[in-house]
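Asker: The opening residue of the sequence shown carries number 1473 in our numbering; numbering runs sequentially from there.
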Amino acid sequence: MYRLKLTSLFFIIIFVVTSLLGCQQNAPANSAQNGITIVIPEDPPSFNPIIADTGYDALVMELVMLGLSDVDPEGKVFPELAAELPTIENGDVVMNEDAGTMTVTWKMREDVQWADGTPVTADDVIFTYESIINPETGGWIPGIDYIDSVEKVDDHSFTISYNSIYPGYLTQFGGEQVVIWPAHYCDASQGFASWECARKPLSNGPFVLAEWVNGDHMTFVKNEKYFEQGKPGINTVTIRIIPDQSVRKTMLINGDADLDMWTNEQMVSDLQGEANVSVDPSPTNRWVMRIFFNLAAKGTTDPVATPHPILSDLRVRQAIRAAIDVDTISKEFFLGYAKPAWTEFFRPPYVCDIPRPVFDLAAASALLDEAGWKDTDGDGVRECRGCSTAEEGYVMEMEFITYAEYGEPLELTQQYIAELLGKIGIKLNLTVVEGSVLWAASTDGGIEQSGNFDMDIWDDGYAGVDPTDYLWSYYSTDAAVPDAGYNYSRWSNEQFDTLLGGVYTLDEEQRKKDFCEMASILDAELPELLLFTASNADAHTVRLENVQSSTNDLVTWNAANWVLK
C-alpha cells in the first residue's frame, strides 16, 4: 500500500506546465530564506495517518506533531514528549505475572508547548486516548484493545493499565503514525476520524503549517516555541504537489527541489551520477512484494465451506513458488534494487533461518502432476484429472490482480509471473486496478475484503521493530473475518495462533524463539508467497544534510535536525 493513488492526467498536465514555468522562481526565494522544497505526487488527506495511511499524511505529520516516542532508522526507540522511556529497570513498567497484566507510567517533558504557548500535558494524552476509543467517532491503533485505562498522575505523568502483556507499549502513542493531539484545540465532538484540527493542526513539533493550497503546495515555517534549542535548522519547508515523476526528477537535478519521498527504482537508477543529488536508502528494506492466495473460492470468504478449487491445495501453492524466478525480476524490472525475501522475519532483531526457495520449473511441474493437475488435451493449460479440490476437468485458470499506482516495474513483474506459470500449465488472466478498490472495506466493494479474487500481488511490511500486531492482522484466524484484518487468504492455523498469543511478552529470548517457529509454519503452509523487498529510499539534494531514510518511519522523522550547507 505504499504508493497510493495519483491524480488524474488532467492535473498531471497542468502541474507539468506550471512546475516547469515556476520552479526557477520558487527555488531561489527558498534558498534566500534558508528554506527547502519537498516534492510529492499528491496532497496528504490530513495530518492524521491513522485514518487514511497514505504515507503523505505521516510525512507532514512529522513536521508539526510529536508522539511520546519515535523509532530511529536502526530500530532504536527514543523519547519525544516523554522525559525518558518507561522500563522494568527504572520502575515505570510493573508486571503482574500471575494475572498476565502490566502497568506503564510515562513521565513527560515539562518544557514542551503547543504553538499557542499552552503547555503539552498528560491531559492531552488522555484526551487523545479517549478520542481514539470513542465507539462512534474514534479510530484504532495497535494494542488499543489491551488498555483498560489511562489515568492522570499529575500534569506531566500518567499510568496506562493493560489487561495483557503488550510488548509494543513503547511506541503505542508514538512511532510512525500516532501523535498526541491538543485537548484545548481539537473539537472532540467532531470525532477523531474527522476533526478539523487534523487539517489545521496546532503544532508542538519543529514546524508550523502556514498555508495549504490544495493541489499546489503547503508551506511550513519554523516553530519558534519548539522545545529543542537551536532547532529546527531550516526556516521554511515548502511541499509542492508534483504528480509527474519526470518533473520531480528534473527539479531535483536542477536544484529546484530538495527532497523526493519514496524514490522508486527507476528514478534511483536515473539519478546515479548526478552530482547535485544523493539517494539515501534505509538501513534495511521494509516493503515486501508478495502474492496473496485466496484459499476460499473466488467471491467467498470461508475456505472450509467453499475451498478454492485450485489454490486450496498446498502443492499448487508450492508449485507457484518454485516457478517464479525472483532474480530475473530483480535484475530486469527493478534494476537490481529488489532483494529476494521469503520470510517475514528478515529484519533485526527478529531474523529466522528459513532456507531460500529454489527456482525450478521441473519441480513445479512435478508438484502439479502429483496434485492431479494435467494437460490432457494438449492446449497448454492443465485440468483437474484426479485432483482433490475441484471437479474432474476443471481448467487451471485464474485471475491475477495488481494495483496501478506502483507503475511499470510491478506490471512487468505481473506479466512475467504469468508467463512463467504459463510454462507449467497455469493460465493467469491479468487485471490492474486502483489500490483504493483492491484494499477497500467489503461494504465499499473492496476486492480482497470481499474475497473476490484468486491471486494478487502488492507490497507491504511492518513499521517499527515489533511485528506482533502486523502478524495478527495478516495471519491470525480472527483477522480472516472480512474487515477485521488483512488475512485475505482466510488462512487458519491453531498452532500459529497459539504461538502468536505467546509473543505478547517482554521476554525477548522467548519471543525470538516463537517468532522463528511461526516462520517455519508460514514457510510450510504458504498462506502468502513473499518474493522480494522493494527499494526504500528518498532522494535529496546534496545541500540538504542529515537526511536519514528509515524503515520505521517517514523521511521527515528527524526534520528538526536537517540543515543546509
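Using N, Cα and C, we set each Cβ at its ideal position, and we do this for glycine too.
By the three-class DSSP mapping on this structure, what secondary structure does residue 1538 have?
Answerer: It is coil, neither helix nor strand.
Asker: Between residue 1678 and residue 1941, is the Cβ-Cβ spacing less than 8 Å?
Answerer: No, Cβ-Cβ distance for residue 1678 and residue 1941 is not below 8 Å.
Asker: List the DSSP bridge partners of residue 1812.
Answerer: Bridge partners of residue 1812: 2004.
Asker: Classify residue 1868 as helix, strand or coil using the three-state DSSP reduction.
Answerer: If DSSP states are grouped into helix, strand and coil, residue 1868 belongs with coil.
Asker: Within 10 Å of its beta-carbon, does residue 1718 have 16 or more other beta-carbons around it, so buried, or fewer, so exposed?
Answerer: It is exposed - the Cβ of residue 1718 has fewer than 16 other Cβ atoms within 10 Å.
Asker: Please name the residue in 1635, 1628, 1638, 1603 whose C-alpha comes closest to that of residue 1666.
Answerer: Residue 1666 has its Cα closest to that of 1603, out of 1635, 1628, 1638, 1603.
Asker: Within the continuous alpha helix (DSSP H) that includes residue 2078, where are the two ends?
Answerer: The shown model of the chain, from 1473 to 2037, leaves out residue 2078, and the question about it has no answer.
Asker: Can residue 1650 and residue 1522 be called in contact, C-beta distance under 8 Å?
Answerer: In this structure, residue 1522 lies closer than 8 Å to residue 1650 by Cβ.
Asker: Taking all protein chains shown into account, do 16 or more other C-beta atoms lie within 10 angstroms of the C-beta of residue 1732, making it buried, or fewer, making it exposed?
Answerer: Buried: at least 16 other Cβ atoms inside 10 Å.
Asker: Could you check which residue in 1890, 1830, 1713 has the C-alpha nearest to that of residue 1686?
Answerer: Here the closest residue by C-alpha is 1713.
Asker: Distance check for residue 1998 and residue 1826, CA to CA, integer angstroms please.
Answerer: Each residue's Cα considered, the two are about 13 Å apart.
Asker: Could you work out which residue in 1587, 1629, 1526 is closest to residue 1555 when comparing CA atoms only?
Answerer: Per the Cα distances, 1629.
Asker: Using the Cβ count rule (16 or more neighbours within 10 Å means buried), how would you classify residue 2061?
Answerer: Only positions 1473 to 2037 of the chain appear in the structure, and residue 2061 is not among them; the question remains open.
Asker: Hey, residue 1553 and residue 1538 are a contact pair by Cβ (cut 8 Å); roughly how many whole angstroms apart?
Answerer: Indeed they touch by this definition, with Cβ atoms about 5 Å apart.
Asker: For residue 1961, collect the residues of the same chain with a Cβ closer than 7 Å to its Cβ; drop the 5 residues on either side in sequence, then sort them by chain order.
Answerer: So the list reads 1764, 1765, 1766, 1767, 1999, 2000, once near-sequence residues are dropped.
Asker: What is the DSSP secondary structure of residue 1969, reduced to helix, strand or coil?
Answerer: In this structure, residue 1969 counts as helix in the three-state DSSP scheme.
Asker: Could you tell me which residues DSSP puts in a beta bridge with residue 1574?
Answerer: Looking at the DSSP assignment, residue 1574 forms a beta bridge with 1567, 1634.
Asker: Following the continuous beta strand (DSSP E) through residue 1901, name the residue where it begins and the one where it ends.
Answerer: Start and end: 1899-1905.
Asker: Alpha carbons only, please: which of 1862, 1958, 1932 is nearest the one belonging to residue 2008?
Answerer: Among 1862, 1958, 1932, the Cα nearest to that of residue 2008 belongs to 1932.
Asker: What are the start and end residues of each continuous alpha helix (DSSP H) run of 4 or more residues lying completely inside the region 1752-1829, in chain order?
Answerer: 1786-1794, 1798-1805, all fully within the region 1752-1829.
Asker: Reducing DSSP to helix, strand and coil, say where residue 2041 ends up.
Answerer: As shown, the chain starts at 1473 and ends at 2037. That puts residue 2041 outside it, with no answer to give.
Asker: Checking the sheet assignment: what are the DSSP bridge partners for residue 1580?
Answerer: In the DSSP output, where bridge partners are listed per residue, residue 1580 has 1554.
Asker: Within its chain, find whatever has a CB closer than 6 Å to the CB of residue 1601; leave out the 5 residues flanking it on each side and keep chain order.
Answerer: For residue 1601, where only same-chain residues beyond five positions count, the Cβ hits under 6 Å are 1622.
Asker: Beta carbon of residue 1576, beta carbon of residue 1657: below 8 Å?
Answerer: No, the Cβ-Cβ distance between residue 1576 and residue 1657 is not below 8 Å.
Asker: Inspect the beta-carbon positions of residue 1643 and residue 1957 and report whether they are closer than 8 Å.
Answerer: No.
Asker: Which residue marks the beginning of the beta strand (DSSP E) containing residue 1953, and which one marks its end?
Answerer: It is not in any beta strand (DSSP E) - residue 1953 carries neither H nor E in the DSSP assignment.
Asker: Identify the continuous alpha helix (DSSP H) that holds residue 1737 and give its terminal residues.
Answerer: Where residue 1737 is concerned, the enclosing alpha helix (DSSP H) stretches over 1737-1743.
Asker: Restricting to Cα atoms, I'd like to know which of 2033, 2015, 2035 is closest to residue 1728.
Answerer: Cα-wise, what sits closest to residue 1728 is 2015.
Asker: Let me know if residue 1820 comes out buried or exposed under the rule of 16 or more other beta-carbons within 10 Å of its beta-carbon.
Answerer: By the neighbour-count rule (16 or more Cβ atoms within 10 Å), residue 1820 is not buried but exposed.
Asker: Taking residue 2028 and residue 1639 to be in contact with their CB atoms under 8 Å, please state how far apart those CB atoms are, rounded to whole angstroms.
Answerer: At roughly 27 Å, the Cβ-Cβ gap does not stay under 8 Å, so residue 2028 and residue 1639 are not in contact.
Asker: I need the straight-line Cα distance from residue 2020 to residue 1627, nearest angstrom please.
Answerer: Rounded to whole angstroms, residue 2020 to residue 1627 spans 34 Å at the Cα level.
Asker: Kindly indicate which three-state DSSP category residue 1599 falls into: helix, strand or coil?
Answerer: Here residue 1599 sits in helix by DSSP.
Asker: Give me the Cα-Cα distance between residue 1500 and residue 1507, rounded to the nearest whole angstrom.
Answerer: Unreliable placement is indicated for residue 1500, whose pLDDT of 37 sits below 50; no coordinate value is reported for it.
Asker: With distances taken from CA atoms, which of 1988, 1969, 2004 is nearest residue 2038?
Answerer: Summary: the structure shown does not reach residue 2038, with the chain confined to residues 1473 through 2037, and so no result is reported for it.
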